[in-house]
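Asker: Numbering (full-length UniProt numbering), first residue to last: 1 to 150.
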Amino acid sequence: MEITTIIDPRIVKTNMAAESKGDVLNQLTTLLLDAGYITDIDGFIRDIYAREEEGMTGIGNYIAIPHGKSAFVKEVGVAIGVLENEIPWETLDGKGVKGIILFAVGNDIAGAKEHLKLLSLFARKLGNDEVIENLLLSKNADEVMKAFKL
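#1: Measure the CB-CB distance between Leu92 and Gly127 and report whether it falls below 8 Å.
#2: For Ala147, which residues from the same chain have a beta carbon less than 7 Å from its beta carbon, with the 5 sequence-adjacent residues on both sides left out?
#3: Can you grab the Cα-Cα spacing for the pair Leu28 / Ile80, in whole Å?
#4: Any chance you could list the beta strand (DSSP E) runs of at least 3 consecutive residues sitting entirely within the UniProt domain "PTS EIIA type-2" (5 to 150), in chain order?
#5: Answer with buried or exposed for Gly22, where buried requires no fewer than 16 other C-beta atoms within 10 angstroms of its C-beta.
#6: Can you tell me the Cβ-Cβ gap for Ile3 and Phe122, rounded? I've got them flagged as a contact below 8 Å.
#7: Just confirm the distance between the C-beta atoms of Ile87 and Val24, as a whole number of angstroms; I'd bet it's less than 8 Å.
#8: Taking the Cβ atom as the reference point for each residue, do Thr14 and Asn140 lie within a distance shorter than 8 Å?
#9: My guess is that Ile6 and Val73 are in contact by the Cβ rule of under 8 Å, so how many angstroms apart are they, rounded?
#10: By Cβ distance, which residues of its chain are closer than 6 Å to Leu118, with the 5 residues on each side in sequence left out?
#11: Taking the beta carbon of Leu83 as the centre, do at least 16 other beta carbons fall within 10 Å, making it buried, or is it exposed?
#12: Exposed or buried, what is Met56 when buried is set at 16 or more other beta-carbons lying within 10 Å of its beta-carbon?
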């Protein structure tokens, strides 16, 4: 499985104007709904926040990887947002966030397996500072895809 085959340009949003975590999650979740990945925005967001209570999803270096294992997921997907400006987010390094990778996976056993695969794939890429730098400078979905090809 390659990241570039997982990324759907319909659920990538660059140059995002957002002031808060809630704003970002609403925008990305709306993309997921419009593209047919989830069935309910409010229910899915509730599941994301339930996961956020278990531990911070800001991994540092201006990146957050929130995820919702949820019954409202119809198809596994990864929504990606690149913000115009840094916003507050609970992170391991105390910095804010500019890049968000939101996993949408089912809450069953198959969803749990997909979730682990996705986390592993993205963690390997996000361990590379050059990938993060290119991601945060991306101006469109094609540039986001190119960032993850490094």
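By construction, the Cβ of each residue, glycine as well, lies at the ideal position given by its N, Cα and C atoms.
Given the structure is predicted, the values throughout are model-derived calculations rather than measurements.
Answerer: Result, derived from the coordinates:
#1: Not in contact: Leu92 and Gly127 (Cβ atoms no closer than 8 Å).
#2: Excluding the 5 residues flanking it on each side, Ala147 has same chain C-beta neighbours closer than 7 Å at Val131, Asn134, Leu135, Ser138, in chain order.
#3: Our two residues, Leu28 and Ile80, have alpha carbons roughly 7 Å apart in a direct line.
#4: The UniProt domain "PTS EIIA type-2" (5 to 150) contains these whole beta strand (DSSP E) runs: 12 to 16, 58 to 60, 67 to 69, 77 to 87, 97 to 105.
#5: By the beta-carbon neighbour count (other beta carbons within 10 angstroms, threshold 16), Gly22 is exposed.
#6: Right, their Cβ atoms sit about 7 Å apart.
#7: Rounded, the Cβ-Cβ distance is 7 Å, consistent with contact.
#8: Yes; because the gap between Cβ atoms is below 8 Å, this pair is in contact.
#9: That belief does not hold up - the Cβ atoms of Ile6 and Val73 are roughly 14 Å apart, past 8 Å.
#10: Answer for Leu118: Phe103, listed in chain order.
#11: Label assigned to Leu83: buried.
#12: The residue is exposed, with fewer than 16 neighbouring Cβ atoms inside 10 Å.
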